[in-house]
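Residue numbers (my numbering): 4 to 350.
Ideal Cβ positions, reconstructed from N, Cα and C, are used throughout, including at glycine.
Okay, structure first, notes after.
Set out below in structure tokens:
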């Protein structure tokens with residue numbers, strides 16, 4: 004490849020529960036009224052209808068960027084942005100599939116992908132391009148369907164391609180326009196998540212959660228499969244892995260969503276486990292498309308079932324902590340696919 008003194012009883016109990024989870028013990032984690040110490044961070048939302056990534060005010064239930072522009076603190080809309088013109092975003096940015104905040108070299112960025120081939124590492128807040136490529140084999144725009152992406156410490160970027168059943172590793176460290184890549188198979192690849200402590204890239208497919216180890220210098224880096232764990236149908240209801248994301252504050256745990264449920268995976272125990280909000284997640288029609296947390300406040304998206312696309316929603320639901328349902332409205336808005344708390348992960 005080229006390429007604090009004293010702890011309140013509530014906090015003490017919470018710490019014990021989280022500690023048990025971190026040790027791989029199956030525990031029903033109760034939600035509390037407050038999942039964070041101060042004001043919550045914003046929510047980074049993929050709006051396919053608006054063709055924009057929006058950073059929205061999580062203290063507001065009603066989001067209408069038309070009548071109240073102040074609800075948007077940042078947006079990324081590359082359709083007419085000269086910095087991304089070579090990626091042909093008018094086509095490739097169709098069906099925005101991921102927006103993930105990360106910190107690289109001490110600076111905040113957003114990883115962005117879309118089903119019709121767009122993939123980029125975007126500097127925040129400037130919107131400058133750190134890297135970008137069209138993830139396609141030259142057929143139909145969505146021939147590979149990039150569904151999520153992740154950056155490795157090397158600076159290279161892994162892209163989960165659900166239609167082609169693979170994880171591609173692009174040599175993004177070599178050039179902002181590098182399109183060189185290597186690939187490993189993973190049927191139904193939907194999610195990728197770096198885990199620093201183990202030095203592994205985790206990837207979620209249709210029926211399996213797989214760990215890959217990157218090897219080689221940045222310009223020749225490759226992924227080697229190290230182990231895989233079958234999705235437990237007795238917990239998940241059905242397989243069809245969809246979202247994979249780190250559990251904030253619990254480095255041993257990852258969120259895993261499938262076509263019919265959400266659960267957590269403990270890396271140390273090599274085991275899937277339920278959590279107290281699982282029944283609420285399972286009740287969402289069409290499955291949970293994205294899930295992330297800040298403290299004990301869990302944000303999730305699931306299809307409404309009555310919009311132009313079967314996978315769209317107008318809402319981002321926050322369970323636990325301070326429960327709140329956010330609704331995105333306004334002309335040209337309201338085709339939400341994923342949402343993430345603005346908690347950039349260090350790389």
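Just measuring C-alpha positions, the residue of 62, 177, 199, 139 sitting nearest residue 171 is 139. In the assembly as shown, residue 65 is an exposed residue. Its beta-carbon has fewer than 16 other beta-carbons within 10 Å. Residue 195 is classed as buried because its beta carbon has at least 16 other beta carbons within 10 Å across all chains shown. Apart from the 5 residues on each side of it in sequence, residue 188 sits with its Cβ closer than 7 Å to the Cβ of 168, 169 in its chain, given in chain order. Taking the C-beta atoms as reference points, residue 345 is found nearer than 9 Å to residue 44.
The beta carbon of residue 182 lies closer than 6 Å to those of 136 in the same chain, with the five residues before and after it left out. If you look at residue 224, you'll find it isn't in any beta strand (DSSP E); DSSP assigns it neither H nor E. When DSSP states are grouped into helix, strand and coil, residue 241 belongs to the coil group.
When 113, 343, 310, 321 are compared, the shortest CA-CA separation from residue 337 is found for 310. According to the DSSP assignment, residue 200 belongs to no alpha helix (DSSP H), since it is labelled neither H nor E.
Pairing residue 221 with residue 56, the inter-Cα distance amounts to about 29 Å.
In the three-state reduction of the DSSP assignment, residue 331 falls in the strand class. DSSP places residue 166 outside any beta strand (DSSP E), giving it a letter other than H or E.
Apart from sequence neighbours up to five positions away, the residues of its chain that approach residue 203 with a beta-carbon distance below 7 Å are 214, 215, 216, 229, ordered along the chain. For residue 49, the pairing in a beta bridge is given by DSSP as 56. Contact between residue 113 and residue 154 does not hold, since the beta-carbon distance rounds to 11 Å and is not under 8 Å. In the displayed model, residue 74 falls within a helix according to three-state DSSP. Counting only the Cα atoms, residue 250 lies some 12 Å from residue 343.
Residue 276 and residue 265 have their C-alpha atoms roughly 9 Å apart. About 17 Å separates the beta carbon of residue 47 from that of residue 122, a gap too long to meet the 8 Å contact definition. 91 is the residue among 117, 76, 152, 91 whose C-alpha sits nearest the C-alpha of residue 82.
In the DSSP secondary-structure assignment, residue 187 is bridged to 170. Going by C-alpha positions, residue 262 is about 13 Å away from residue 304. Across the set 193, 312, 308, the C-alpha of 193 shows the shortest separation from the C-alpha of residue 149.
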